[in-house]
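Mapping the sequence shown onto the working numbering, position 36 (from 1) lands on 36, and the numbers just tick up by one. Even glycine gets a Cβ: it sits at the ideal position worked out from N, Cα and C. Computed from a predicted structure; not experimentally measured.
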Amino acid sequence: IYTQRAKKGIEDAALMVGTSKDLMEAVAAHVLQELWGQYPATANFPTLLGQAFTALDMSTPAEKEVSGEHPRKNMERKMYDLACAINRLRNKQGTGHGRPWLPDLGQDEAKAAIELIGTISERMLSKLKQKKA
């Protein structure tokens, strides 16, 4: 449903950024539901995402870099940071928290946000599939 909203909202940059955050949140909750049987419905976005990354054995910035570690760990940390940055963008310029003014968010920025969240979501769902196999 989130993907459908994103496609329909292509003309509304703020909606697209909001939908990207909704997608990421839904994927994180799905991961936790599948692996832990529950998810913290009241957790803030960074906490929920961090728990999902941890459940998938993905690195977050809370896990310090270790000499000689696989480069994928740094990529995972950056994916976490990027998802949180898009969440902040949504809160300030997207549909989050209701704003009495028009956001100054461009279509290209919104498109990048939804595509990047899509990439992170796909990676998480791929890791989930591997864990459940």
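- Look at P40 here: in three-state DSSP terms it is coil, with no helix or strand label.
- For V27, same chain residues with a beta-carbon under 7 Å away, outside a window of 5 residues either side, are S121, M124, L125 in chain order.
- Straight through space, the alpha carbons of V31 and I117 are spaced by roughly 15 Å.
- Nearest to M24 by C-alpha distance, out of S67, A13, P46, N74, is P46.
- Cα atoms of Y80 and D104: separation of roughly 24 Å, rounded to the nearest angstrom.
- About 7 Å separates the beta carbons of E65 and N74, which is inside the 8 Å limit, making them a contact pair.
- For the pair G68 and D12, the Cα-to-Cα distance works out to about 44 Å.
- Note that the C-beta distance between P61 and R72 is not below 8 Å.
- Relative to the Cα of L49, the nearest Cα in the group A85, A112, M16, G106 belongs to A85.
- In summary, T19 is buried, with 16 or more beta-carbon neighbours lying within 10 Å of its beta-carbon over all protein chains present.
- Within the same chain, Cβ atoms closer than 6 Å to the Cβ of A113 are found at V17, S20, I86, the five residues on either side in sequence being excluded.
- Taking a 10 Å sphere around the C-beta of Q51, we find 16 or more other C-beta atoms and assign the residue as buried.
- Excluding residues up to 5 positions away in sequence, nothing lies with its Cβ nearer than 6 Å to the Cβ of Q38 in the same chain.
- By the 16-neighbour rule on beta-carbons within 10 angstroms, D22 is buried.
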